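The block underneath contains the structure these notes are about, expressed in structure tokens.
In the working numbering, the protein residues as written are 278 to 543.
Encoded structure:
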């Protein structure tokens, strides 16, 4: 295969801030570690709202400044909020959606990510609710995505399939972040999820998982992890891949550079 074809096969890689360690992000701020992501060769950097030291860092002026610093490093931004699109009773959380869109706009993010949320048996999928959601999403310059979480509520394949199945066929405004590891916390098969949901995936959070039950931990996939490679092969190749597993604390930037290069070509 010639070099041009190899280059065409590479995926954009995003470094999720938490990969450098939550304590480091809270101590130093996102901008310091965005510079590390840039040096590691990443294309994007995911800002995590839950890692802000205080609410002042979530104010629009602070977000604009952070976004400018990320852009000056040659990176584009993802804005991740722990808020959920749907409330615990399954209803749409309009306020959470509006706030996420507004904060992502201040940051200048390309993608804004929320948890799916909802009740254990799913989310509202009636036409009025979905129309309200899509109307709000249409105001967003950033792509709005919902992620599978680690709880049954917002973490089941059926909940995502029901939501996307109820959306108008031409509605691509709402898509998903497919987290390769979170399905296991929710008791779901990542491979089954990929087979059913791949057409709706526009961002992939990459990690392996070690441990059992509630005592599971995110870890880096091994280079020869055939199961992880098979899972990636089920998902779209032309969407960004985010590194959400922890880097080697003793040498985070050199580990980051190696992982970026590996994941781009995996």
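For glycine and all other residues, C-beta sits at the position ideal for the given N, C-alpha and C. Note that this is a predicted model, so its numbers are computed, not measured.
query: Identity of the residues DSSP links to residue 399 by a beta bridge; result: 396
query: At least three beta-carbon pairs within less than 8 Å, the region 368 to 387 to the region 331 to 343; result: yes
query: C-alpha distance - residue 281 paired with residue 288, whole-angstrom precision; result: With a pLDDT of only 42 at residue 281, under the threshold of 50, the placement of this residue in the model should not be trusted, and no figure is reported.
query: Per-residue burial, residue 494 [other beta carbons within 10 Å of its own, 16 or more giving buried]; result: exposed
query: Boundaries (first-last residue) of the alpha helix (DSSP H) holding residue 406; result: 404 to 414
query: Residue environment, residue 519, which counts as buried when at least 16 other CB atoms sit within 10 Å; result: buried
query: Anticipated Cβ contact below 8 Å, residue 316 with residue 530, distance rounded; result: 6 Å
query: C-beta contact flag for residue 573 and residue 455 at 9 Å; result: Within the shown structure, residues of the chain are numbered from 278 to 543, placing residue 573 beyond reach of any answer.
query: Paired residues, beta bridge with residue 516 - DSSP; result: Beta-bridge pairing links residue 516 to no other residue.
query: Cα-Cα separation between residue 426 and residue 350, rounded to whole angstroms; result: 30 Å
query: Element boundaries [alpha helix (DSSP H), containing residue 379]; result: 371 to 384
query: Residue from 354, 410 and 473 with nearest C-alpha to residue 368; result: 410
query: Residue from 308, 542, 391 and 492 with nearest C-alpha to residue 431; result: 391
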